[in-house]
DNA sequence: CAAAATGATACTAATATGGTATCATTTATC
DNA sequence: GATAAATGATACCATATTAGTATCATTTTG
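Residue numbers (this note's numbering), protein chains in the order written: chain A, 31 to 161; chain B, 31 to 161.
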């Protein structure tokens with residue numbers, strides 16, 4: 031029952047770090063060193079964040095990454111969805127089809143409630159609020 | 031981000047089913063048929079529930095399983111812990127040691143809050159309440 | 001041109017998930 | 001007592017996910 035996987039967690043740390051000096055360019059090596067994250071793994075993560083438009087990259091010597099979005103516009107829920115896919119606590123399907131059991135559907139109702147609560151909390155939890 | 035895995039879900043369904051006729055003995059084959067769960071998998075699940083004292087078993091011909099605990103004394107959180115281990119949204123360790131970053135610790139605080147809420151909700155969600 | 005950076009992508013190891021298979025033991029019934 | 005029908009215990013297996021590594025191509029600075 032893991033809410034946040036390692037890559038999501040690393041992404042959050044990296045974004046928080048980068049957000050502290052907004053216009054500065056950080057290379058992967060620099061960030062990996064400061065945050066104690068394996069360099070090639072962090073690199074992959076930053077490339078994804080770049081593709082998704084959260085950070086910008088500069089290629090070539092002296093290049094690196096810089097925050098692109100405002101820290102209060104990046105929520106933990108965004109990062110979970112980027113690295114872990116749609117944020118759902120349960121698909122509630124049974125062999126590809128919606129589950130047909132009334133009892134599990136009571137369960138589904140409850141889990142859906144919890145999910146709504148969790149999602150709204152995580153949506154309001156931004157990089158800015160973590161600085 | 032799965033709150034409940036398949037075995038936990040199957041266990042809940044089976045317990046709900048068995049709870050409907052408290053003193054009746056159900057064989058695995060019977061339950062597997064009714065609930066449309068693969069028989070050997072359900073068998074493994076029921077054996078675990080038996081070991082944990084939620085149901086009792088009767089060996090030999092005519093044997094099977096019967097509920098042992100009161101349905102309102104079996105909560106979803108118990109089942110999650112039995113099949114998925116300690117119910118935690120995040121271990122918040124970093125290479126086996128508690129994570130040293132203040133920013134992720136803000137994250138930890140928030141996730142711990144969410145966890146407390148989630149746990150208390152799941153603790154009050156019992157087999158009885160799902161009938 | 002060389003060095004230092006990212007882009008793209010393929011590969012790998014470990015773990016978790018969702019089961020199956022099998023042999024041993026117990027019990028009811030004939 | 002033999003047999004059938006049940007669980008107990010345990011080992012095995014296939015697939016997916018997680019957590020990375022490795023490498024070649026491209027871009028940019030100096």
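Glycine residues also receive a C-beta, built at the ideal position from the N, C-alpha and C atoms.
Since we're looking at a predicted model, the values are computed, not measured.
Closer than 7 Å: residue i CB and nearest the ligand FMN heavy atom
i	result
residue 63(B)	Annotation note on the ligand FMN: not contained in the displayed structure, which lists no ligands.
Cα-Cα separation, residue i to residue j
i	j	result
residue 116(B)	residue 53(A)	42 Å
residue 44(B)	residue 32(A)	25 Å
residue 79(A)	residue 136(A)	38 Å
residue 153(B)	residue 152(A)	22 Å
residue 111(A)	residue 119(A)	12 Å
residue 95(A)	residue 85(A)	7 Å
residue 156(A)	residue 40(A)	15 Å
residue 109(A)	residue 34(B)	22 Å
residue 46(B)	residue 65(B)	11 Å
residue 83(A)	residue 106(B)	40 Å
residue 104(A)	residue 104(B)	40 Å
residue 159(A)	residue 81(A)	24 Å
residue 99(B)	residue 48(B)	11 Å
residue 77(B)	residue 150(B)	27 Å
Collapsed DSSP secondary structure at residue i in the structure displayed
i	result
residue 38(A)	helix
residue 94(A)	strand
residue 107(B)	helix
residue 150(A)	helix
residue 67(A)	coil
residue 112(A)	helix
residue 85(A)	strand
Cutoff 8 Å; reference residue i; Cβ partners in own chain excluding five residues on either side
i	result
residue 139(B)	none
residue 161(B)	46, 49, 50 and 101
6 Å CB neighbourhood of residue i in its chain, flanking five on each side removed
i	result
residue 62(B)	69 and 72
residue 7(A)	The requested residue 7(A) does not occur in the structure, where chain A is confined to residues 31 to 161.
Exercise. Three or more beta-carbon pairs under 8 Å between the stretch 52 to 68 of chain B and the stretch 51 to 70 of chain A, yes or no?
Worked result: no
Exercise. Does the stretch 132 to 149 of chain B touch the stretch 88 to 98 of chain B, meaning 3 or more C-beta pairs lie closer than 8 Å?
Worked result: no
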